[in-house]
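Protein sequence lines, in the order shown, are assigned to chains E and U. Residue 288 in the working numbering sits at position 288 of the first sequence, and the numbers go up by one each step. Count along the second sequence from 1, add 326, and you get the number used in the working numbering. The beta-carbon is built from N, C-alpha and C at its ideal position, and this holds for glycine as well.
Protein chains: 2
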Amino acid sequence: MTTCFAGIDLGGTNIKAGIVDENGKVLSKTSIRTEAEGGPDVVISRMCQAAQTVMDMAKISRDHVRAIGVGAPGSLDHKAGIILEPPNLPGWHNVPVRDRIQSHFNLPTTLENDANVAAWAEFWIGAGQEADSLVLFTLGTGIGGGIVCEGKFIRGFFDNGAEIGHMIIDPDGRQCGCGQRGCFEALASASYTARNAIEAMEAGAESSMKAIRNRGGEITSEVILDEMLKGDKLARDIWHQSCRYIAIGSINMAHIMNPELVVLAGGMSYAGEHLLGPVRQYYNELRGPAFGETYPQIVLAALGNDAGFIGAAGAAKLAIDLGELS
Amino acid sequence: MTTCFAGIDLGGTNIKAGIVDENGKVLSKTSIRTEAEGGPDVVISRMCQAAQTVMDMAKISRDHVRAIGVGAPGSLDHKAGIILEPPNLPGWHNVPVRDRIQSHFNLPTTLENDANVAAWAEFWIGAGQEADSLVLFTLGTGIGGGIVCEGKFIRGFFDNGAEIGHMIIDPDGRQCGCGQRGCFEALASASYTARNAIEAMEAGAESSMKAIRNRGGEITSEVILDEMLKGDKLARDIWHQSCRYIAIGSINMAHIMNPELVVLAGGMSYAGEHLLGPVRQYYNELRGPAFGETYPQIVLAALGNDAGFIGAAGAAKLAIDLGELS
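This is the structure in structure tokens:
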């Protein structure tokens, strides 16, 4: 029987889990509500329940699971296996998730940042499976980052590496939730893209999105994309402004990590070519000719919502392979 | 007898060389003119001459040199050992420096980017000798970068990693020599700092530096520092503007590589506390409180002009240790 790994992807709304074999093949998967309002004990119990469900679905006993990987939103302490203060899990404070899950199943368990595991999934069996190295952006409420270099994560000395969303791109730009000004995240994430549209309308810009707001509709990056495709000029300007910043973020990673690929993931990436087209256009326009052909290609993530649990399972396999877990 | 390595630091003006033992102790060193106007054959012959001189000075035959390291200005192809098109060595085009030196001495030879070797020198026996990881900025004509992570260089898939000077920090900022806008280098390097001062005076700003220009004196970052220390307001504003951008560059590396240290090297770093003080002040002001104590400390480089040949020798030792050279 092939060696299997369990992956658990902890999100603010849903917990996803799956059993993945050593080649990255998904044997079973599930998604249940996080019930974050119940607090850490409820959520950890539900994480264990989800993992048990996928073992049962795949007809695999825990003896045949080699290790468990957990992907979780930051901030977290990978070495200690502790979730520190995640913004989308209110009330959590220094929760030792890894050890709680490890004890429950009596299986080696590793805890990783959710953007890192998404990067690992794409590197393992997704858009980057042929690539030497990649940098992944999760373009959602915030902008997370994952870096795979020489077959490993960049975690940093203080366990806070690959936080690409907090690279400052415009020092006089918008205040970010982290306290800095002009972070990549505060210029181009899905939620800040929506804020840019709302503020432009509040400042008097005309747009078909005004009617949506007037009837109580929420302005999201999906709405902006829809209205752009229907011909709204403001929606186009705002969407393209975010694409321009995503191109600049990609140029910066080209110069710093110089990976083979930049992978766009997360909510905004579901726009597909409507995202990739303008991002590549700005990327080609804004990058320095002096560096010739040394720029990575930009591609879309391939694994969608499954990247979290697949990458978590893959991170568990990686930790075993590197001797970090036994 | 201890194992020794020869380091050669190729600069546009001078070639420095030294013999360094396996513990990083400098046994001999020299500096001669590059004579870049003579073209690649003359320069390579002078590099060999400098290496021979330091072997003779240290009374070490080439049989007792384990390997040779060469640090050179970019752009270069590390894997192929070729210097491509260095801006400060006019007329050079795809010169196979590594193989030429390797054949001359019949010793294993490695070619590395000059900022990488400076970073390695500081990591090996300098400001970062106790550190887990570091990012080094060479603040000179341009801004070079070197990254040491997990005891190795970050070179990138296209051999163009750690080019931190071309990270875009202000997309509407000044045009950089590389063709991009608002590169870190175009905002804060020594030569661009001087240009900022000159342009401000040409736009009408009052400054004691005007008198220096009027008598034909060149405005350099050293002059700006001197005039700032004598109380000139424009000099202070321009110097502090560069320090602010250096702080932003450091914040960005804190979020991406999250090293233990950021090391400031190159011409501007000779300003010592006059550089470090304001950079640290802006670093503390501009960084995000959300990331707590995960920011690296910023320090000055310790090895000065010797970092190049020491790091080149160290890179040769590293390549031997990693089995990349034999």
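The C-beta distance from V346 of chain U to A639 of chain U rounds to 4 Å, short enough to meet the 8 Å contact threshold.
With a contact defined as Cβ atoms closer than 8 Å, F635 of chain U and D382 of chain U miss out at about 16 Å.
Under the three-state reduction of DSSP output, K317 of chain E falls in the helix class. Taking a C-beta distance under 8 Å as the contact criterion, V625 of chain U and A453 of chain U qualify as a contact pair. Residue pairing from DSSP places R33 of chain E in a beta bridge opposite E:N14. Under the three-state reduction of DSSP output, I545 of chain U falls in the coil class, being neither helix nor strand. The alpha-carbon separation between G337 of chain U and W239 of chain E amounts to approximately 46 Å. DSSP places I577 of chain U in the helix class (H, G or I) of the three-state scheme. If you ignore the 5 residues before and after A115 of chain E, its C-beta comes within less than 6 Å of the C-beta of T138, G144, G145 and G146, all in its own chain and listed in chain order. In the displayed model, R280 of chain E falls within a helix according to three-state DSSP. Listed in chain order, the non-local C-beta contacts of I495 of chain U below 8 Å within the same chain comprise G508, C509, F510, L513, Y571, I574, G575 and N578, local neighbours out to five positions each way being set aside.
One thing to note: M583 of chain U has its Cβ no nearer than 8 Å to the Cβ of A561 of chain U. In the structure shown, C502 of chain U falls within a coil segment according to DSSP collapsed to helix, strand and coil.
Around the CB of E553 of chain U, 16 or more other CB atoms lie within 10 Å, so the residue is classed as buried. Considering only U:Y518, U:F449 and U:A398, the residue with the shortest C-alpha distance to K342 of chain U is U:A398. Using a Cβ-Cβ cut-off of 8 Å, D440 of chain U does not count as an interface residue toward chain E, since no Cβ of chain E sits closer than that to its own. In this structure, U:L353 is the residue among U:R392, U:N349, U:L353 and U:H600 with its C-alpha nearest to the C-alpha of V380 of chain U. The Cβ atoms of A316 of chain E and T110 of chain E lie closer than 8 Å to each other. When DSSP states are grouped into helix, strand and coil, T138 of chain E belongs to the strand group.
Here R33 of chain E is exposed, its C-beta having fewer than 16 other C-beta atoms within 10 Å. Exclusion of the five residues before and after L648 of chain U leaves K478 as the residues of its chain whose Cβ lies within less than 8 Å of its Cβ. Relative to G165 of chain E, the option among E:G216, E:S191 and E:R66 whose CA is nearest is E:S191. Distance check between L433 of chain U and each of U:C330, U:D458 and U:D367 places U:C330 closest, using alpha-carbon atoms only.
Among the residues facing chain E, G614 of chain U is included, as its CB has a counterpart in that chain under 8 Å away. At a cut-off of 8 Å between beta carbons, T294 of chain E contacts chain U. Under the Cβ criterion of 8 Å, C149 of chain E is counted among the residues facing chain U. Chain E has a Cβ within less than 8 Å of the Cβ of C504 of chain U. At a cut-off of 8 Å, the C-beta of S133 of chain E has a neighbouring C-beta in chain U. By a beta-carbon distance limit of 8 Å, F157 of chain E contacts S459 of chain U. Their separation comes to about 5 Å. A straight-line Cα-Cα distance of about 6 Å links V263 of chain E and V135 of chain E.
In this structure D485 of chain U is not in contact with D425 of chain U, their Cβ atoms being roughly 17 Å apart against a cut-off of 8 Å. Taking C-alpha positions only, E22 of chain E is separated from K351 of chain U by approximately 47 Å. Taking H419 of chain U as reference, the option from U:I409, U:Q428 and U:I427 with the minimal CA-CA separation is U:I409. A Cβ of chain U is located within less than 8 Å of the beta carbon of F158 of chain E. Here DSSP, grouped into helix, strand and coil, assigns S189 of chain E to coil.
Minimum Cα-Cα distance from N522 of chain U among the listed residues U:I538, U:S547 and U:G503 corresponds to U:S547.
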